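Residue numbers (my numbering): 220 to 517. Cβ coordinates follow ideal geometry from the N, Cα and C atoms, glycine included. Here the structure is a predicted model, which is why all the values come from computation and not from measurement. Notes to accompany the following structure.
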Ligand SMILES: [Zn+2]
């Protein structure tokens, strides 16, 4: 199993994520996670994966976890077609239709029952038969592409298998968190939450503005001290901070259903963030967040 797994992970690692001006391209990893979930639940029996088997669910996943959705919709067809550049993914088209990487194939062609994806035979067998193989691959994908705040939600949404070897130690730069928290005087930059529990500061994260998984550096200028709920709201794109005025912006798509929820999120719209002690967050990271994560409109 080890050799096949290594090869699969290397190929996943090589996936061309089509980074366009720093925009996170998460569709291919989402497509792979959906398939792993389907293997886990024994929904894939033969090595013929049809677009219609995954189209709807993949679209929903892209909307929920794929960064800021495109105005033209989630475009679940793109990862299905363009993953063909990976060795393990072979897109078979109806006779007479030519494969291209230059433009999207029509949805009609993708939905055609003669169109299907054939996975590398050995990888298909491992995905089908080995829970450990599925778990390691899913773990690798989730950690490579998403921040910690969101990993758990993806895993539970897709009921992905969990891999936890005994030697597992999450790679966390503790210094980064300390430096960032200190820069904000141990207060949430959005709401000012500041508490201790058993003599330790409590419920505060040193958050990356530009995601660590998207090459956001462990640098004070890429950090915000945020309480748990505001960290989560920030990573989900429900809140953002304007790069020039450092004012908080709340997505118009956020709807608090009662006064407390409105108070916790919506009421901060337009307010300035809490002052930082030494370093200002870098505009370019805040801009990245505004461009690619913050949900400004439908
Ligand atoms: Zn907060």
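With a minimum length of 3 residues, the unbroken runs of beta strand (DSSP E) contained wholly in the region 328-360 fall at 335-338. With a cutoff of 7 angstroms, residue 412 counts as near ligand 1, since its C-beta is closer than that to a heavy atom of the ligand. Apart from the 5 residues on each side of it in sequence, residue 330 sits with its Cβ closer than 7 angstroms to the Cβ of 270 and 271 in its chain, given in chain order.
In the three-state reduction of the DSSP assignment, residue 308 falls in the strand class, which pools E and B. DSSP places residue 454 in no beta strand (DSSP E) but in the uninterrupted alpha helix (DSSP H) bounded by 447-455. Not one heavy atom of ligand 1 falls within 7 angstroms of the beta-carbon of residue 400. Cβ-Cβ distances below 7 angstroms link residue 308 to 302, 336 and 338 in the same chain, with the five nearest sequence neighbours on each side left out; the list follows chain order.
In this structure, the alpha-carbon of residue 231 lies about 15 angstroms from that of residue 341. The way I'd put it, the region 413-423 does touch the region 432-452; three or more beta-carbon pairs between them come closer than 8 angstroms. For residue 278, the secondary structure class from DSSP, reduced to helix, strand or coil, is helix. Of the other Cβ atoms in all chains shown, 16 or more fall within 10 Å of the Cβ of residue 368; this residue is therefore buried. An exposed status is given to residue 261, since fewer than 16 other beta-carbon atoms sit within 10 Å of its beta-carbon. Rounded to the nearest angstrom, the gap between the Cα atoms of residue 382 and residue 315 is 43 angstroms. Within the DSSP bridge table, the entry for residue 469 names 458 as partners. In the assembly as shown, residue 298 is a buried residue. Its beta-carbon has 16 or more other beta-carbons within 10 Å. In this structure, the alpha-carbon of residue 220 lies about 46 angstroms from that of residue 502.
Contact annotation, residue 256 with residue 379: C-beta distance approximately 6 angstroms; criterion of less than 8 angstroms satisfied. Residue 508 and residue 283 have their C-alpha atoms spaced approximately 16 angstroms apart.
Judged by the Cβ position, residue 445 qualifies as a neighbour of ligand 1 at the 7 angstroms threshold, a heavy atom of the ligand being closer than this.
Check the Cα spacing between residue 294 and each of 305, 276, 310 and 311: the tightest is with 276.
By the beta-carbon neighbour count (other beta carbons within 10 angstroms, threshold 16), residue 416 is exposed. If you ignore the 5 residues before and after residue 292, its C-beta comes within less than 8 angstroms of the C-beta of 278, all in its own chain and listed in chain order. For the options 496, 466 and 281, the alpha carbon positioned closest to that of residue 365 is the one of 281. Rounded to the nearest whole angstrom, the C-alpha separation of residue 252 and residue 434 is 21 angstroms. At least one heavy atom of ligand 1 sits closer than 7 angstroms to the Cβ of residue 448. For the 8 angstroms CB-CB criterion, residue 514 and residue 457 form a contact.
In the DSSP assignment, residue 222 falls within the alpha helix (DSSP H) that extends over 221-232. DSSP places residue 491 within a strand segment (E or B) once states are collapsed to three. With a cutoff of 8 angstroms on beta-carbon distance, residue 248 and residue 360 are scored as near each other. Distances from the CA of residue 250 to each of 327, 357 and 224 were compared; the closest alpha carbon is that of 357. According to DSSP, residue pairing for residue 501 in a beta bridge does not occur. In this chain, the beta strand (DSSP E) harbouring residue 423 covers 423-427.
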